[in-house]
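Asker: Okay, so the sequence shown: first residue is 169 according to the working numbering, each after it adds one.
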Amino acid sequence: MDFWSRLIAHTPLASATSSKDAARDPVRRRQRFEKEYSQLLHIWRNTSNIARDVDAAENLEIRLQELSNILADESRRPLPHPCITFSAVKQIYVPIAKIATTSYNEWIIKEAVTFFATLIESEEEAFVENEAFSASLTNLLIRITGANSIRLGAETEVRVVEIAFNITTKIRLEPHILPAWFKSHQHESGQDGKPKDEREKFAGKTQKQDFPLFYLLMDYIHHEGKVGDFARTGLLYIIESASNSAELEQWIVESDLSTLMATGLGALYSQLSRKLVIDHPPQDLPPVLALSDYQHPSSTFEIVSSCSPDFKLHLDTFLAHLLFWQDVLNHCRSTEVKSTLLEHFQVIFLQQLLYPSLLESSDVDGGSSVAVLTYLRRILEALDHPDMINLILHYLLALPDAEMPKPSKPEAAISAARKRKSMDLATMMAASKIASEYTPLLFNLVDLIQSCLKSKNQQTVCVTLQLLAVILKRHHRYAIITLLHTEGVHGSSSQRTRGAHEQEVEFLTVLAGSVGGQDNFDEIYDNIVKDTMTRLEAHPCSLRLVAPKVSINNHKLPAIPDSLPGAPRDVPHHSLSPEDPLLNSLLDLLETFFVNPVETNLSLTETIVDMAVCGYITMEGWLLRSPQRYSFGEDDELLPEPTLDPSSDSFTEAQKLKAIERCRRRPLWQASSLPRVLNILEDLADQVASFKGSIPRFEELLQQRREAFQTADTIVQNPLPVRPATATATPVSERSSFDKSSRPTSPARPGGLESFAQRLLSELSTPTRSSGTRGRKNSRATTSAGTPGGTPSSRPEPPKQFPMNHQSPTRGGLSRENQQQETPGSGERQGPVASQAAAFAAVDQSILLRKVKLPAKESDVVESIPLDFGKKPAAAEESAETSVDEEGHESTPKVEEQQGDNDAADPTQTPSETATPDGEKAASVSHVLTNTIIFQAFLLELAALVQVRAGMFSEVRFI
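1) When burial is assigned at 16 or more other CB atoms within 10 Å of the CB, is proline 729 buried or exposed?
2) Just checking my contact of alanine 1112 with isoleucine 848 at CB under 8 Å: how many whole Å lie between their CB atoms?
3) Histidine 658: buried (16+ other C-beta within 10 angstroms of its C-beta) or exposed?
4) Where in the region 408-479 do unbroken runs of the alpha helix (DSSP H), each at least 4 residues long, occur, reported from the N-terminal end onward?
5) When you compare the CB positions of leucine 640 and leucine 526, do they come within less than 8 Å of one another, or not?
6) Using the C-alpha atoms, what's the distance from histidine 644 back to alanine 399?
7) Do serine 743 and arginine 797 come within 8 Å of each other at the CB atom, strictly closer than that value?
8) Are the CB atoms of isoleucine 407 and valine 505 nearer to each other than 8 Å?
9) Under 8 Å, do threonine 270 and arginine 327 count as touching if we go by C-beta distance?
10) Helix, strand or coil: how does DSSP classify arginine 1125 here?
11) Mind checking who alanine 1091 pairs with in its DSSP beta bridge?
12) Of the residues Glu226, Val781 and Arg1117, which one's Cα is nearest the Cα of valine 638?
13) What distance in whole Å lies between the Cβ atoms of glutamate 417 and serine 502, which are believed to be in contact at a cut-off of 8 Å?
14) Where does leucine 341 land, buried or exposed, given buried means 16+ other C-beta within 10 angstroms?
15) Who are the near neighbours of threonine 650 in its chain, counting only those whose CB is closer than 6 Å to its CB and skipping five residues on each side?
16) With a cut-off of 8 Å on the beta carbons, I'd call serine 460 and serine 1094 a contact; round off their distance for me.
17) If you follow the alpha helix (DSSP H) that serine 290 is in, where does it begin and where does it stop?
18) What's the gap between the Cα of cysteine 475 and the Cα of serine 467?
19) Note the first and the last residue of the continuous beta strand (DSSP E) segment covering threonine 654.
20) Below 8 Å on the Cβ atoms is my guess for valine 629 versus threonine 760; work out the distance and round it to an integer in Å.
21) Which residue from Pro740, Asp738 and Val777 puts its Cα closest to that of leucine 754?
22) Cβ of glutamate 672 within 8 Å of Cβ of valine 1116?
23) In chain order, what residues of the same chain lie with their CB nearer than 8 Å to the CB of phenylalanine 689, ignoring the 5 residues before and after it?
24) Between the C-alpha atoms of glutamate 829 and serine 745, what's the straight-line distance to the nearest angstrom?
25) Do proline 477 and serine 413 count as a contact pair if the criterion is CB distance below 8 Å?
26) Report yes if the CB atom of alanine 539 is closer than 8 Å to the CB atom of leucine 444, and no otherwise.
27) Excluding five sequence neighbours on each side, which residues of the same chain lie with their C-beta closer than 6 Å to the C-beta of proline 248?
28) So what does DSSP say about isoleucine 785, is it helix, strand or coil?
29) Assuming valine 856 and threonine 1098 make a contact with CB atoms under 8 Å, what is their CB distance in whole Å?
30) Rounded to the nearest angstrom, what separates isoleucine 312 and leucine 551 at their Cα positions?
31) To the nearest angstrom, how far is it from the Cα of leucine 836 to the Cα of arginine 666?
32) For proline 263 and threonine 508, what's the separation of their Cα atoms in angstroms?
33) What three-state label does DSSP hand serine 216 in the structure shown?
34) With distance defined between alpha-carbon atoms, name the residue in His553, Glu392 and Ala458 nearest to aspartate 484.
35) Which residues in the same chain as leucine 852 place their Cβ atom closer than 7 Å to its Cβ, once the five residues preceding and following it in sequence are excluded?
36) Should phenylalanine 284 be labelled buried (16 or more other beta-carbon atoms within 10 Å of its own) or exposed?
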């Protein structure tokens, strides 16, 4: 019988059953646990140097792993849990922590950390509250992450910081656990009995032993990935727990938390490049830039490009740490801790780094103004904490300081610690001798913005407009008392009437329609109206105006949540002064709209719209006509004066009808009563009309450019595969793929046009579709959807310099792909058609590459573009020389050919504003086409803004 029993016991099935029974049996499980622990101690005590004994280290790792597995398995089983109880009673974590700290073996350290994490996750025997457990774990974590420890792998670091995060989570949920991990020791003297000096106390040397877990997390807050996330979140939990412990709150105030965070932020800011140029990756160049005179700016070792991977990494790291500052302030419930952090943020970062970089910036040394203005814009875009925003703008805009409010029932010890910390900060700044002798009272952000808007460097102008747009959009209440010169609004007399409102909306829409085009502008305008409505509702100043009144008796909304003094409060109803310097600087840029860089125009129009989005600013006087300047003709028909009894109801009704009729009248449209912006918009529309008369096929090219943008949007949203060269030709209506196999190569643009733009131009700048337009007044642009063999009357007239076969099909016939893929038999018949289409393509390319200046404002005769159809269009041709008119007088053409690399342009100018020999700015026809489409969209945005504001803010008088 014994033989069979032993035989069955050694079978695999019996072994598995016995192992399961041992796991289920608490007594056998404890025996196994104690045996593994005894072997662990035996190996450790009999090994003199674990770091050099590979076998002993491997055995220790196996024993630790087995102990962790037993504990993890037991925690999932029903009570009792004798192994966990044995670990608490015998305090086996103490020798395990010593084994890990003396082993200098990452695998042993990893298993020891896992063992401690298993005990914490068991949530039994109050391990987290035990001081011996906290001392052992703290000592382990400090020793393995200290300077003399081995370098831990990424996975081990994640486990180390994760266990520290788990402890902070429990402290946050159970504040009574805090004393086991935090013990404040007021060491006022050193080991030799001498008192410590102020510098040593300020450096925090006496603080680390009070709360080692806190400093462990501080060391990892700058890391990326899970390590940084665990460290930052754990630190936030500790700061949040300070509201439950006055002792911890005072300790945080006196610690070097604020100093370390401020200096860390400053160090990350200092890593950013001092000189910057804004660029876009060639493979991701926006179509609006590709179809313009955009050229990539040159970058050097000192001047960094904004699309550089290293620069993006540094900027993202800086902004991530800045957001961590914001998270700390959001989680901090202690006023003293928050004030200490903000004070260090202002002194160490704002005063010593950010403001000096703004003060020392310049737009003539390679882009330092571009760099600092871009950084400030990204800072204001990333932050939304009112205290940080107020601190930054209050200091940089030199707002007056307000009296500090007296705190209610302050803690004496915490307030004293706060004062000592402020004195320590002032002493440290004075000793470092880095305090700037210049203050924003002498030169502030307003001065910098106004000077940069007048810069000759277009990148400086562009980034300044973007910064200005952010301030106007997100922090408008800071702009109305600093950047903008505002005027008060006096009652309802400043509101425009219904007739004036309709007249001004019609004026803007008519200007937009005069640009021309074949799109469904009704649908486009409806979408713009919806976007404008969302934009108005999302503006921070509009909350009080559009928020529904929940209670009839309580209409007052909560105050703006700013805790720092000096922040602007409620925004009053105001209007912008027509003499405002900032407004006139923007309008100066608007006057040269068509030769401005595309990025500048996009930022300019965005800024002008943002100035009018706030519900508290009225548009009358600076964007629309002032009601005080309305004048009406003598022949305006009004209702006759009522002859009824003044005390009767009929008389009152008649008076109301007369007032309604008076508001319906349209004032005389006089140039003297128009604000400057409307006069400029009208001049720009006249310039478009001049371009139509001076540039051949301007309307056709404009329509092709609009279709190019639509096709580009389709390609970006739904990328199409490249068609093979042998593919069947696509009909005209399906001309959305860019097959370059059957198209002639378009002339190269000076500076190198991107491959994406080349595809669009080669596809859409050729006569492959109907040239019909809607609502055009120019008789040159007749509409036709012709077919091969159409009548000559349905075809556009060619230029006189280029004779054509009048029997050729219209531009709406076969596409160039179809023409080149005809059969040999029909090729002879279609030869003239193909040659004429190729000639049209060459003409289009020649027109697009020519340089054009702004038309003269008071010139009645606009000279046409000189075309030479006997030459191939080349980008490097010499500029057109003076021509002789019919009367024999010399005249300078308005359009000059592209100079290519031989242009003697100002190096501070972008290619879109190349100066001509007479000093005027010039741009290519292709660039003017893109700006024309932007101008038309801007007019529709203004019309939608005026219309939506009238209904949302009740800005129109009807009576």
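Idealized CB from N, CA, C, for every residue including glycine.
Answerer: Put simply:
1) Within the sequence shown, the letter at position 561 stands for residue 729. The predicted model places proline 729 with a pLDDT of 46, which falls under 50 and marks its position as unreliable; any figure quoted below should be read in that light. Here proline 729 is exposed. Its C-beta has fewer than 16 other C-beta atoms within 10 Å.
2) Position 944 of the sequence shown, counted from the first residue, corresponds to residue 1112. Position 680 of the sequence shown, counted from the first residue, corresponds to residue 848. Here alanine 1112 is actually not in contact with isoleucine 848; their C-beta atoms are around 19 Å apart, not less than 8 Å.
3) Within the sequence shown, the letter at position 490 stands for residue 658. Looking at its Cβ environment, which holds fewer than 16 other Cβ atoms inside 10 Å, histidine 658 is exposed.
4) DSSP runs (the alpha helix (DSSP H)) wholly in the region 408-479: 414-422, 425-438 and 455-458.
5) By 1-based counting over the sequence shown, the position of residue 640 is 472. By 1-based counting over the sequence shown, the position of residue 526 is 358. With contacts defined by Cβ atoms closer than 8 Å, leucine 640 and leucine 526 do not form a contacting pair.
6) Along the sequence shown, read from residue 1 onward, the residue named residue 399 stands at position 231. Along the sequence shown, read from residue 1 onward, the residue named residue 644 stands at position 476. Looking at the backbone, the Cα of alanine 399 and that of histidine 644 are separated by about 36 Å.
7) Residue mapping note: residue 797 aligns to position 629 of the sequence shown, counting from 1. Residue mapping note: residue 743 aligns to position 575 of the sequence shown, counting from 1. Cβ distance not < 8 Å, so arginine 797 and serine 743 don't count as in contact.
8) One-based indexing of the sequence shown puts residue 407 at position 239. One-based indexing of the sequence shown puts residue 505 at position 337. Cβ distance < 8 Å, so isoleucine 407 and valine 505 count as in contact.
9) The count along the sequence shown starts at 1 and reaches residue 270 at position 102. The count along the sequence shown starts at 1 and reaches residue 327 at position 159. Their beta carbons are not under 8 Å apart, which means threonine 270 does not touch arginine 327 by this criterion.
10) Within the sequence shown, the letter at position 957 stands for residue 1125. Note: arginine 1125 maps to strand in three-state DSSP.
11) The sequence position of residue 1091 within the sequence shown is 923, counting from 1. Beta-bridge pairing links alanine 1091 to Val1020.
12) Working through the sequence shown from its first residue, we reach residue 638 at position 470. Among Glu226, Val781 and Arg1117, the Cα nearest to that of valine 638 is on Val781.
13) As a first step, residue 502 must be located in the sequence shown, where it is residue number 334. As a first step, residue 417 must be located in the sequence shown, where it is residue number 249. Indeed, because the Cβ distance is near 5 Å, the residues count as touching under 8 Å.
14) Position 173 of the sequence shown, counted from the start, is the residue given in the question as residue 341. Burial state of leucine 341 is exposed, judged by a 10 Å Cβ sphere holding fewer than 16 other Cβ atoms.
15) Taking the sequence shown and counting its residues from 1, the one referred to as residue 650 is at position 482. Scanning its chain for C-beta atoms nearer than 6 Å, with the 5 sequence neighbours on each side dropped, one finds around threonine 650 the residues Leu565 and Val614, in chain order.
16) As a first step, residue 460 is located in the sequence shown; it is residue number 292 there, counting from the start. As a first step, residue 1094 is located in the sequence shown; it is residue number 926 there, counting from the start. Their Cβ separation, rounded to whole angstroms, is 7 Å, which keeps serine 460 and serine 1094 in contact under 8 Å.
17) As a first step, residue 290 is located in the sequence shown; it is residue number 122 there, counting from the start. From DSSP, the alpha helix (DSSP H) with serine 290 extends over 274-290.
18) Against the sequence shown, residue 475 aligns to sequence position 307. Against the sequence shown, residue 467 aligns to sequence position 299. Using only the alpha carbons, I get a separation of about 11 Å.
19) Walking along the sequence shown from the start, residue 654 turns up at place 486. Taken as a continuous stretch (DSSP letters only), the beta strand (DSSP E) holding threonine 654 covers 654-656.
20) As a first step, residue 629 must be located in the sequence shown, where it is residue number 461. As a first step, residue 760 must be located in the sequence shown, where it is residue number 592. Valine 629 to threonine 760, Cβ: 11 Å. No contact.
21) In the sequence shown, the residue the question calls residue 754 occupies position 586. Looking at the Cα atoms, Val777 is the closest of the given residues.
22) The sequence position of residue 672 within the sequence shown is 504, counting from 1. The sequence position of residue 1116 within the sequence shown is 948, counting from 1. It is not a contact, given that the beta carbons lie outside the stated cut-off.
23) To locate residue 689, count along the sequence shown from 1; it is residue 521. Beyond the five residues adjoining it in sequence on each side, phenylalanine 689 comes within less than 8 Å, by CB distance, of Ala680, Gly681 and Leu1108 in the same chain, given in chain order.
24) The count along the sequence shown starts at 1 and reaches residue 829 at position 661. The count along the sequence shown starts at 1 and reaches residue 745 at position 577. For glutamate 829 and serine 745, the gap between their C-alpha atoms comes out near 30 Å.
25) Stepping through the sequence shown from its first residue, residue 413 is reached at position 245. Stepping through the sequence shown from its first residue, residue 477 is reached at position 309. Cβ atoms of serine 413 and proline 477: not closer than 8 Å.
26) The residue given as residue 539 occupies position 371 in the sequence shown. The residue given as residue 444 occupies position 276 in the sequence shown. For alanine 539 and leucine 444, yes; Cβs fall inside 8 Å.
27) The residue given as residue 248 occupies position 80 in the sequence shown. Result list for proline 248: Pro194, in chain order.
28) Reading the sequence shown from its first residue, position 617 is the one you call residue 785. In this structure, isoleucine 785 counts as strand in the three-state DSSP scheme.
29) Counted from its first residue, the sequence shown places residue 856 at position 688. Counted from its first residue, the sequence shown places residue 1098 at position 930. Valine 856 to threonine 1098, Cβ: 13 Å. No contact.
30) As a first step, residue 312 must be located in the sequence shown, where it is residue number 144. As a first step, residue 551 must be located in the sequence shown, where it is residue number 383. So the two alpha carbons sit approximately 36 Å from each other.
31) Within the sequence shown, residue 836 is the residue found at index 668, counting from 1. Within the sequence shown, residue 666 is the residue found at index 498, counting from 1. Whole-angstrom Cα-Cα distance: 14 Å.
32) As a position in the sequence shown, residue 263 is number 95, starting the count at 1. As a position in the sequence shown, residue 508 is number 340, starting the count at 1. Distance from the CA of proline 263 to the CA of threonine 508, rounded to the nearest whole angstrom, comes to 41 Å.
33) By one-based count along the sequence shown, residue 216 stands at place 48. In the three-state reduction of the DSSP assignment, serine 216 falls in the coil class, being assigned neither a helical nor a strand state.
34) The residue given as residue 484 occupies position 316 in the sequence shown. Among His553, Glu392 and Ala458, the Cα nearest to that of aspartate 484 belongs to Glu392.
35) Locating residue 852 in the sequence shown gives position 684, counting from the first residue. Around leucine 852: Phe761 and Phe1103.
36) Translated into positions along the sequence shown, residue 284 becomes position 116. Burial call: buried.
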